[in-house]
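*Asks:* Quick mapping for you: the protein sequence lines, in order, are chains P and F. For the first sequence, the working numbering gives the first residue as 1, with consecutive numbering after it. For the second sequence, the working numbering gives the first residue as 1, with consecutive numbering after it. Beta carbons are placed, not taken as given, at the ideal position from N, Cα and C, and that holds for glycine. Here you go, one structure.
Number of protein chains: 2
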Amino acid sequence: MRSPAELSQAFRQSGLKVTPQRQLLFRLLHGNTSHPSADVLFALASQAMPGISLRTVYQTLNDLALMGELQSIDFGTGSARFDPNVTEHQHAMCNECGAVHDVFVADEPKMLGLDGFDVHAAQIVYHGVCAGCAS
Amino acid sequence: MRSPAELSQAFRQSGLKVTPQRQLLFRLLHGNTSHPSADVLFALASQAMPGISLRTVYQTLNDLALMGELQSIDFGTGSARFDPNVTEHQHAMCNECGAVHDVFVADEPKMLGLDGFDVHAAQIVYHGVCAGCAS
DNA sequence: ACGCTTATTTGCAAGCCTTGCAGGTTAGCA
DNA sequence: TGCTAACCTGCAAGGCTTGCAAATAAGCGT
């Protein structure tokens with residue numbers, strides 16, 4: 001995801017408006033590696049801007065995802081998680097604390113059974129226990 | 001997943017009862033490689049047994065999953081998919097038709113960034129276009 | 001700085017998938 | 001055959017997300 005300033009420019013160029021609500025979300029997401037859910041972002045945003053609507057959070061997240069600035073990931077936890085890092089990487093989720101860590105796969109795994117299947121994207125999720133929870 | 005006969009025995013030994021509804025679902029799932037959702041199974045079951053409840057389908061699927069006979073997989077499509085194949089394998093989902101194919105990974109990928117993370121399970125989902133839809 | 005047009009915000013309600021609950025029913029054992 | 005515990009069913013509710021309509025505000029040109 002680009003910086004809040006760059007995003008503001010990109011939004012305007014797309015005919016979208018840059019509102020205080022959106023600017024706040026840009027700031028909350030930029031460089032955020034915690035893979036927050038819409039719910040968590042709503043809580044954070046509410047602290048800085050009481051009265052902001054959950055609907056607006058979803059709206060902006062969807063806009064960003066459509067623009068390719070954000071990745072929406074479903075870990076099967078019931079709610080989607082959002083990741084401003086759209087470069088190629090994978091995830092490891094802790095069964096204990098629910099934290100999601102970024103993982104970088106060094107070499108693509110070889111696979112059997114993909115007869116004629118054209119792979120567009122590979123999603124790898126490791127489930128286990130993170131270092132913090134193991135101690 | 002074991003055969004319907006073996007499952008019936010296992011259910012009784014666990015204090016669970018073997019009802020016609022459950023036997024039907026055992027048969028519908030045994031050897032099924034289509035990764036059906038609860039909804040699809042309900043439709044199939046309804047043909048053979050009109051009046052069966054969706055609630056019962058969910059109940060039995062959960063029982064089987066708890067016994068380790070069935071795998072519940074969330075592909076982010078909104079509803080869970082069920083797989084009677086509980087041996088180690090991965091999946092490829094077609095963006096066009098939604099079909100899910102089994103994939104067997106020859107060698108585990110190497111990953112960077114898992115500092116101290118104890119991996120219990122690795123879930124790999126390939127997204128793309130299957131051979132049938134490409135033609 | 002002002003007004004206009006169009007996108008946005010908000011709150012509420014509804015949608016989808018799944019589970020909790022209660023009452024009548026049935027499997028499985030003695 | 002009878003008893004008891006588990007089960008089936010239908011309905012309602014729960015959590016997450018989106019549709020909708022009215023009020024609001026951003027961004028343009030003047």
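Beta-carbon separation of Leu24 (chain P) and Met49 (chain P) under 8 angstroms?
*Replies:* Contact: yes.
*Asks:* Counting only Cβ pairs nearer than 8 angstroms, list the residues of chain F close to Phe119 (chain P).
*Replies:* Rather than Phe, the amino acid found at residue 119 (chain P) in this sequence is Val. Ala92, Tyr126, His127 and Gly128, listed in chain order.
*Asks:* At the 8 angstroms Cβ level, is Met111 (chain F) part of the contact set with chain P, yes or no?
*Replies:* Taking Cβ atoms only, chain P reaches closer than 8 angstroms to Met111 (chain F), which makes this a yes.
*Asks:* Please report the distance separating the alpha-carbon of Glu108 (chain P) from that of Phe75 (chain F).
*Replies:* Each residue's alpha carbon lies about 20 angstroms from the other.
*Asks:* Sorted by chain position, which residues of the same chain lie with C-beta nearer than 6 angstroms to Leu7 (chain P)'s C-beta, five sequence neighbours on each side aside?
*Replies:* Within the same chain, Leu7 (chain P) has close Cβ partners Phe26.
*Asks:* For His127 (chain P) versus Met93 (chain P), is the C-beta spacing smaller than 8 angstroms?
*Replies:* In contact: His127 (chain P) and Met93 (chain P) (Cβ atoms closer than 8 angstroms).
*Asks:* Between Arg22 (chain P) and Ala65 (chain P), what straight-line distance do the alpha-carbon atoms span, to the nearest angstrom?
*Replies:* So the alpha carbons of these two residues sit roughly 13 angstroms apart.
*Asks:* Would you check if the distance between the CB atom of Val57 (chain F) and the CB atom of Ala38 (chain F) is smaller than 8 angstroms?
*Replies:* Cβ distance < 8 angstroms, so Val57 (chain F) and Ala38 (chain F) count as in contact.
*Asks:* Need the endpoints of the alpha helix (DSSP H) that Asp107 (chain P) sits in, please.
*Replies:* Where Asp107 (chain P) is concerned, there is no enclosing alpha helix (DSSP H), given that its DSSP letter is neither H nor E.
*Asks:* If you measure from the beta carbon of Asn95 (chain P) to each beta carbon in chain F, is any gap under 8 angstroms?
*Replies:* Yes, because at least one Cβ of chain F sits closer than 8 angstroms to the Cβ of Asn95 (chain P).
*Asks:* Residues of chain P with CB closer than 8 angstroms to the CB of Phe104 (chain F), please, in chain order.
*Replies:* In chain order: Met111, Leu112 and Gly113.
*Asks:* Cβ of His35 (chain F) within 8 angstroms of Cβ of Val129 (chain F)?
*Replies:* Not a contact, by the Cβ cut-off of 8 angstroms.
*Asks:* Less than 8 angstroms between CB atoms is the rule here; does Gln123 (chain F) satisfy it with respect to chain P?
*Replies:* Judged by the 8 angstroms Cβ criterion, Gln123 (chain F) is in contact with chain P.
*Asks:* Based on the DSSP output, what are the partners of Tyr126 (chain F) in its beta bridges?
*Replies:* Its beta-bridge partners are P:Ala122 and F:Ala92.
*Asks:* Is DSSP giving Val57 (chain F) helix, strand or coil here?
*Replies:* Helix.
*Asks:* DSSP has Leu28 (chain P) in a bridge; who is on the other side?
*Replies:* Answer is none; Leu28 (chain P) lacks a bridge partner.
*Asks:* With a CB to CB cut of under 6 angstroms and the five nearest residues on each side skipped, what residues in its chain are close to Cys97 (chain F)?
*Replies:* Cβ neighbours of Cys97 (chain F) beyond the five flanking positions: Cys133.
*Asks:* Which residues in the same chain as Leu114 (chain P) place their Cβ atom closer than 6 angstroms to its Cβ, once the five residues preceding and following it in sequence are excluded?
*Replies:* Hits under 6 angstroms: none found.
*Asks:* Quick one: which chain F residues come within Cβ less than 7 angstroms of Glu88 (chain P)?
*Replies:* Under the 7 angstroms cutoff, chain F gives no residues; its nearest Cβ is about 12 angstroms from Glu88 (chain P).
*Asks:* In the DSSP output, what is Leu112 (chain F) paired with across the bridge?
*Replies:* Note: Leu112 (chain F) sits in a beta bridge opposite P:Phe104.
*Asks:* Per DSSP, which residues does Ile52 (chain F) bridge with? Please list them.
*Replies:* According to DSSP, Ile52 (chain F) bridges with nothing at all.
*Asks:* Quick check: is the beta carbon of Asp83 (chain P) nearer than 8 angstroms to any beta carbon in chain F?
*Replies:* For Asp83 (chain P), the answer is no, since every Cβ of chain F falls outside 8 angstroms of its Cβ.
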